[in-house]
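Peer 1:
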Amino acid sequence: MVRGRLGDSSGSIGFLSWVPLEHEPGTLLKIDGASVRKFRETPEINIGDRTRIEVYHDTAFASMEDLSQANKVAISDLRNGMRDIEVTVQVESWVQRSFSSEDGTERVVRSGDVIDPSGRCRLTAWCEVDPEPGDFLHLTGARVQEWQGSPDLVVDDAAQISNLSDAPWESIDPEQHWVDVDLTSMVSGGSRRGIRTSGTVVAVRPDSGIVERCPECRRVLRDGSCMEHGPQRGEEDLRLRFVIDDGVSNASLLMSKDASEAFLGVNQESVKEEIARDGRDGFVASLRQRVLAQRFSIKGRSIVDDQGAMLLADETEQIQTTAADAANDVMQRWGVVL
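Numbering (my numbering), first residue to last: 475 to 812.
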């Protein structure tokens, strides 16, 4: 059995060969009949006895030096399944916890939030490392694994981590660190944390308001029942669901309880009383009157998958725009000169 990595100009991927593979690093290969499987939730190429491999010649193919540069990424470049990447981050927070594994042994995992000029994510370390908030870490051979819909960094060995004495950039204030991303770029890119975007509300979902959640998994109950845990005595929660659009792309916007209360300016109990008085349809109608066709700035994280794009808001603020400003914006966008 042989393990290794293959790369081209788009990135790299691990491989597992069940047959002898005696090619030196840097050899250009043409592989036909291989399969792709998952190892530790990460795709890798499987090479078997039916796979055909031959040395290939292409002077236009990326050099080894260029391929090594392809593994150097920023947080905004992270995608689920990436391996052997090189990235520098600033530590925002760091904790450790103990747990019992399936075989009964006690294990310790360390994790925290990290940032760079392009965004933020979580870092999980399955090794003994205890950085302080504000430290700069250089990671090599790191892998990316999705957690709660977002790509996060994982390291397995302390040798993969270097604590830098020289700061690669001016220290970032985590409280003020939001990376501006236009809605179309967000929708066409990967899932990201710590972003700020904007869009116009074009729809308000009729299930906005008070919902009941399963006490076991927090899924929204349908007719008093959870898809996973069956009939439940639900726990009340507040959420708002909109659709935002920038004229090119659209995404779902979801506000949880805290974000919804801040946006509405009232607490969950007040919303419950309004729905009891006016009905859910009345609450949604008043919400539509307030937000439809209005433009908002949203801070939060995005989840982009086969189902589309969703923005989970931490903060949502209306953008006050005069008619003159809106007209100038349209003319500038379309290159209109009067």
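Yeah, the Cβ is synthetic: ideal placement off N, Cα and C, and Gly gets one too.
Please report the straight-line C-alpha distance between His651 and Thr790, rounded to a whole angstrom.
Peer 2: The residue given as residue 651 occupies position 177 in the sequence shown. The residue given as residue 790 occupies position 316 in the sequence shown. So the two alpha carbons sit approximately 16 Å from each other.
Peer 1: Quick one: what does DSSP say Glu496 is sitting in, helix, strand or coil?
Peer 2: Translated into positions along the sequence shown, residue 496 becomes position 22. Looking at Glu496 - three-state DSSP - the assignment turns out to be coil, as it is neither helix nor strand.
Peer 1: Using the Cα positions of Ser574 and Cys601, report the straight-line distance between them to the nearest angstrom.
Peer 2: As a position in the sequence shown, residue 574 is number 100, starting the count at 1. As a position in the sequence shown, residue 601 is number 127, starting the count at 1. Going from the Cα of Ser574 to the Cα of Cys601 covers about 16 Å.
Peer 1: Find the nearest neighbour of Glu690 within the set Ala536, Ser537 and Glu702, judged by alpha-carbon distance.
Peer 2: For this step, residue 690 is matched to residue 216 along the sequence shown. For Glu690, the nearest C-alpha among the options comes from Glu702.
Peer 1: Within the stretch 531-584, note down every full alpha helix (DSSP H) run reaching 4 residues or more, in order along the chain.
Peer 2: Complete alpha helix (DSSP H) runs here, min 4: 538-544.
Peer 1: Please report the straight-line C-alpha distance between Ile749 and Glu743, rounded to a whole angstrom.
Peer 2: The residue labelled residue 749 in the question sits at position 275 within the sequence shown. The residue labelled residue 743 in the question sits at position 269 within the sequence shown. Approximately 10 Å between the Cα atoms of the pair.
Peer 1: For Ala798, count neighbouring C-beta atoms within 10 Å of its own C-beta (all shown protein chains included) and say buried if the count is 16 or more, exposed if not.
Peer 2: On the sequence shown, residue 798 is found 324 positions in, with the first residue counted as 1. Classification for Ala798: exposed.
Peer 1: Can you have a look at Val565 and say buried or exposed, based on whether 16 or more other CB atoms are within 10 angstroms of its CB?
Peer 2: Residue numbering aside, residue 565 sits at position 91 when the sequence shown is read from its first letter. Its Cβ being crowded by 16 or more others within 10 Å, Val565 is buried.
Peer 1: Could you check if Glu518 is buried or exposed, using at least 16 other CB atoms within 10 Å of its CB as the buried criterion?
Peer 2: Taking the sequence shown and counting its residues from 1, the one referred to as residue 518 is at position 44. By the 10 Å Cβ count, Glu518 comes out buried.
Peer 1: Do you know how far the Cα of Leu786 is from the Cα of Ile669?
Peer 2: Residue mapping note: residue 669 aligns to position 195 of the sequence shown, counting from 1. Residue mapping note: residue 786 aligns to position 312 of the sequence shown, counting from 1. If you take the alpha carbons of Ile669 and Leu786, they lie about 10 Å apart.
Peer 1: Do Glu686 and Glu710 have their beta-carbon atoms positioned less than 8 Å apart in this structure?
Peer 2: For the purposes of this step, residue 710 is taken as residue 236 along the sequence shown, with counting starting at 1. For the purposes of this step, residue 686 is taken as residue 212 along the sequence shown, with counting starting at 1. Yes, the Cβ-Cβ distance between Glu710 and Glu686 is below 8 Å.
Peer 1: Identify the residues that DSSP records as bridge partners of Gly615: which are they?
Peer 2: Start at 1 with the first residue of the sequence shown, and residue 615 comes out as number 141. None; Gly615 has no bridge partner.
Peer 1: Does the beta-carbon of Gly774 have 16 or more other beta-carbons within 10 angstroms, so that it is buried, or is it exposed?
Peer 2: Walking along the sequence shown from the start, residue 774 turns up at place 300. Buried is the call here.
Peer 1: From Ala733 to Phe610, what distance separates their C-alpha atoms?
Peer 2: Locating residue 733 in the sequence shown gives position 259, where the first residue counts as 1. Locating residue 610 in the sequence shown gives position 136, where the first residue counts as 1. Taking the straight line from one Cα to the other gives about 31 Å.
Peer 1: Tell me Met729's beta-bridge partners as DSSP assigns them.
Peer 2: Within the sequence shown, numbered from 1, the residue matching residue 729 stands at position 255. According to DSSP, Met729 bridges with Leu714 and Ala787.
Peer 1: Take every Cβ of the stretch 520-530, pair it with every Cβ of the stretch 633-650, and state whether three or more of those distances are shorter than 8 Å.
Peer 2: Output reads no: the stretch 633-650 does not touch the stretch 520-530.
Peer 1: Is there contact here, the stretch 655-667 with the stretch 586-598, by at least three beta-carbon pairs under 8 Å?
Peer 2: Result yes; three or more Cβ-Cβ pairs closer than 8 Å.
Peer 1: The beta strand (DSSP E) spanning Asn802 covers which residue range?
Peer 2: Within the sequence shown, the letter at position 328 stands for residue 802. Unbroken run through Asn802 is the alpha helix (DSSP H), Ala797 to Trp808; no beta strand (DSSP E).
Peer 1: With a 10 Å radius around its C-beta and 16 neighbouring C-beta atoms as the bar for buried, classify Ser473 as buried or exposed.
Peer 2: For the chain, the structure presents residues 475 to 812; residue 473 sits outside this window and is missing.
Peer 1: Classify Met538 as buried or exposed, calling it buried when 16 or more other Cβ atoms lie within 10 Å of its own Cβ.
Peer 2: Numbered from its first residue, the sequence shown carries residue 538 at position 64. With fewer than 16 Cβ atoms within 10 Å of its Cβ, Met538 is classed as exposed.
Peer 1: How far does the beta strand (DSSP E) with Asp506 in it reach, from first residue to last?
Peer 2: As a first step, residue 506 must be located in the sequence shown, where it is residue number 32. Here the beta strand (DSSP E) through Asp506 covers Leu503 to Asp506.
Peer 1: Arg713 to Asn554, Cα distance in whole Å?
Peer 2: Counted from its first residue, the sequence shown places residue 713 at position 239. Counted from its first residue, the sequence shown places residue 554 at position 80. Taking the straight line from one Cα to the other gives about 28 Å.
Peer 1: For Ala736 and Cys700, I'd like the C-alpha separation in whole angstroms.
Peer 2: The residue labelled residue 736 in the question sits at position 262 within the sequence shown. The residue labelled residue 700 in the question sits at position 226 within the sequence shown. Rounded to whole angstroms, Ala736 to Cys700 spans 28 Å at the Cα level.
Peer 1: So is Gly478 in contact with chain C if we call contact Cβ pairs under 8 Å?
Peer 2: Any reference to chain C falls outside this structure, which holds one protein chain only.
Peer 1: Where does Asp523 fall in DSSP's three states?
Peer 2: Your numbering for residue 523 matches position 49 in the sequence shown. Asp523: coil per DSSP, three-state reduction.
Peer 1: Taking Leu761 as the reference, which of Pro605, Ser550, Ala677 and Trp621 has the closest Cα?
Peer 2: What you label residue 761 is simply residue 287 of the sequence shown in a count that begins at 1. Measuring from the Cα of Leu761, the nearest candidate turns out to be Ala677.
Peer 1: Assign Ile749 to one of three DSSP states: helix, strand, or coil.
Peer 2: As a working note, residue 749 is residue 275 in the sequence shown. The answer is helix: DSSP assigns Ile749 an H, G or I state.
Peer 1: Output needed for Ser491: all residues of its chain with C-beta closer than 6 Å, excluding positions within five of it in sequence on either side, in chain order.
Peer 2: The count along the sequence shown starts at 1 and reaches residue 491 at position 17. The residues are Val476 and Ile521.
Peer 1: So the candidates are Thr671, Thr614 and Trp643; which of them puts its Cα closest to the Cα of Asp654?
Peer 2: By 1-based counting over the sequence shown, the position of residue 654 is 180. Among Thr671, Thr614 and Trp643, the Cα nearest to that of Asp654 belongs to Thr671.
Peer 1: Along the chain, where does the beta strand (DSSP E) containing Ser682 start, and where does it finish?
Peer 2: Stepping through the sequence shown from its first residue, residue 682 is reached at position 208. Run containing Ser682: none; DSSP gives neither H nor E here.
Peer 1: Indicate the three-state DSSP secondary structure (helix, strand or coil) for Leu417 in the structure shown.
Peer 2: No answer is possible for residue 417: it lies beyond the span of the chain, which begins at 475 and ends at 812.
Peer 1: Name, in chain order, the residues that DSSP records as bridge partners for Trp621.
Peer 2: Sequence index remark: in the sequence shown, residue 621 carries index 147 (1-based). Looking at the DSSP assignment, Trp621 forms a beta bridge with Ser624.
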